[in-house]
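Heads up, the thing below is written out as structure tokens.
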Amino acid sequence: MKLKNTAALALSAVLAFGLTACGSAASPAVDSTVPDGDGDPTTLTVAMECAYAPYNWTQNDDANGAVQIRDSGDYAYGYDVIMAKKIGEALGQNVQIVKLDWDSLIPAVTSGDVDCVIAGQSITAERAEQVDFSDPYYYASIVTLVKKDSKYADAKSVADLDGATATSQLGTIWYDNCLPQIPNGNILAAQETAPAMLVALNSGACDVVVTDRPTAQAALVAYPDFALLDFGGGENDFQVSQEDINIGISMKKGNTALRDAINEVLSGMTADDYNNLMDEAIAAQPLSE
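In structure tokens form, the structure reads like this:
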């Protein structure tokens with residue numbers, strides 16, 4: 005995931021992708037004195053793009069409990085904001101959202117400008133060299149979007165996408181890992197944002213976009229002419245590792261107190277809780293209106 009960089013059969017039971025408020029398990033009590041990056045023990049500063057629905061997006065009011073973005077009159081909401089608020093509540097901290105470009109997220113953590121990143125980041129080995137990660141707070145499978153009238157609309161495997169013109173988002177496993185697996189694919193330049201890749205597909209600039217299931221499900225609401233192709237996670241699908249679909253919360257290396265506190269919150273949640281929260285975000289995302 006973006007999954008930036010995140011379909012493993014072992015996780016198939018988790019990939020149900022439904023969502024409404026967190027369900028069953030109550031948040032565990034966590035030490036509210038957990039140190040953070042900005043030195044303010046009362047505030048959890050969380051970075052995200054605020055442009056990656058249903059994980060996170062920007063809106064002009066506090067509807068649904070959106071959180072105001074730092075140095076802005078706008079607000080952020082989505083799955084990542086919901087998770088940030090749950091964690092902040094458990095830690096006894098207020099949540100401050102910081103809006104950054106994707107490539108600026110890890111530098112913001114390593115510099116100490118923010119306490120953590122909750123932004124659909126896959127827990128890759130490359131990223132783990134730069135930051136520490138929590139346990140996964142979501143698991144996401146890889147899917148393909150095409151137009152319903154596309155010659156690829158009946159594709160049942162990656163092989164059936166032979167010769168397709170394709171794109172995806174910059175800096176994601178969708179672009180870096182999955183698109184090169186399309187036989188004879190015409191791979192366009194990567195798109196800066198998830199919305200941009202959807203516009204490319206809608207405009208006819210490409211035949212195929214590869215993304216994760218939550219992003220695709222949200223896109224179907226805004227683009228009813230799109231079709232979602234799921235190749236089932238087996239040998240006919242894009243070949244990705246488990247780390248590619250495990251999405252975690254990143255923080256500065258060595259901040260074990262914050263990592264352990266976040267993991268304690270996550271340990272009180274179930275796969276159904278994650279799926280219900282994602283459904284809630286998909287239902288609330290602006291394009292669903």
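Numbers 5 to 293, taken from this note's numbering, label the letters of the sequence shown in order. Beta carbons: idealized from backbone N, C-alpha and C, even for Gly.
How close, in whole Å, do the beta carbons of Val162 and Gln195 come, if the pair is a contact with beta carbons under 8 Å? Contact between Val162 and Gln195 does not hold, since the beta-carbon distance rounds to 20 Å and is not under 8 Å.
Could you pull the DSSP bridge partners for Ile146 from this structure? Looking at the DSSP output, Ile146 sits in a beta bridge with Asp216.
Contact belief for Ile177 with Asp248 at Cβ below 8 Å, rounded distance in angstroms: The pair is a contact, with the Cβ atoms about 5 Å apart (cut-off 8 Å).
Examine the Cβ distances between the region 268–287 and the region 97–109 and report whether three or more of them are shorter than 8 Å. Result no; under three Cβ-Cβ pairs closer than 8 Å.
Neighbourhood of Ala204 by C-beta distance below 8 Å, restricted to the same chain and skipping five residues each side: Residues Thr171, Leu192, Gln195, Cys210 and Val213 of the same chain have their beta carbon placed closer than 8 Å to that of Ala204, with the five preceding and five following residues left out of the count.
Would you identify the three-state DSSP class for Pro39, choosing helix, strand or coil? Per-residue confidence for Pro39 stands at a pLDDT of 46, beneath the threshold of 50, marking its modelled position as unreliable; the derived number appears in the next sentence. In the three-state DSSP reduction, Pro39 falls in the coil class, being neither helix nor strand.
Integer Cβ distance of Leu232 from Ala222, believed to fall under 8 Å: A Cβ-Cβ separation of about 11 Å leaves Leu232 out of contact with Ala222 under the 8 Å criterion.
Leu174 versus Ala123 - alpha carbon distance: Computed Cα separation, rounded: 14 Å.
Count the other CB atoms within 10 Å of the CB of Asn60; is the residue buried (16 or more) or exposed (fewer)? The residue is buried, with at least 16 neighbouring Cβ atoms inside 10 Å.
Reference Asn141, options Gly189, Gly272 and Ser154, closest by Cα: Rather than Asn, the amino acid found at residue 141 in this sequence is Tyr. Per the C-alpha coordinates, the member of Gly189, Gly272 and Ser154 positioned closest to Tyr141 is Gly272.
Three-state secondary structure assigned by DSSP to Ile251: Judged by DSSP in its simplified three-state form, Ile251 adopts strand.
Could you spell out where the alpha helix (DSSP H) holding Met52 opens and where it closes? Here Met52 belongs to no alpha helix (DSSP H); instead the beta strand (DSSP E) covers Thr47 to Met52.
Minimum C-alpha distance to Met255 - residue among Ala51, Val113 and Gly208: Nearest option by C-alpha distance: Val113.
For Cys120, which beta-bridge partners are listed by DSSP? As a beta-bridge residue in DSSP terms, Cys120 pairs with Val50 and Met255.
From the DSSP output, in three-state form, read off Val71 for me. Here Val71 sits in strand by DSSP.
When you compare only the Cα positions, how much space is there between Arg74 and Asn259? Cα to Cα, the separation comes out at about 23 Å.
Can you tell me whether Lys151 is helix, strand or coil according to DSSP? In the structure shown, Lys151 sits in a strand (DSSP, three-state: E or B).
Counting beta carbon pairs with one atom in the region 128–137 and one in the region 147–164, are three or more of them shorter than 8 Å? Output reads no: the region 128–137 does not touch the region 147–164.
Just checking my contact of Phe230 with Leu165 at CB under 8 Å: how many whole Å lie between their CB atoms? Not a contact, Cβ separation roughly 15 Å.
Selection from Ser145, Asp119, Glu53 and Tyr79 that minimises the alpha carbon distance to Thr199: It should be pointed out that residue 199 corresponds to Pro in this sequence rather than to Thr. The option with the nearest alpha carbon to Pro199 is Glu53.
Tyr79 (DSSP reduced to helix, strand or coil): It is a strand residue.
From Ala56 to Lys155, what does the alpha carbon distance come to, in whole angstroms? A small correction: the amino acid at residue 56 is Tyr; Ala does not occupy that position in the sequence shown. Here the C-alpha atom of Tyr56 lies approximately 28 Å from the C-alpha atom of Lys155.
Can you tell me whether Ser76 is buried or exposed? The criterion is at least 16 other CB atoms within 10 Å of its CB, across all chains shown. Burial is judged here by how many other beta carbons sit within 10 angstroms of a residue's own beta carbon; Ser76 has fewer than 16 and is exposed.
Taking all protein chains shown into account, decide if Lys90 is buried (16 or more other Cβ within 10 angstroms of its Cβ) or exposed. Around the Cβ of Lys90, a 10 Å sphere holds 16 or more other Cβ atoms; the residue is buried.
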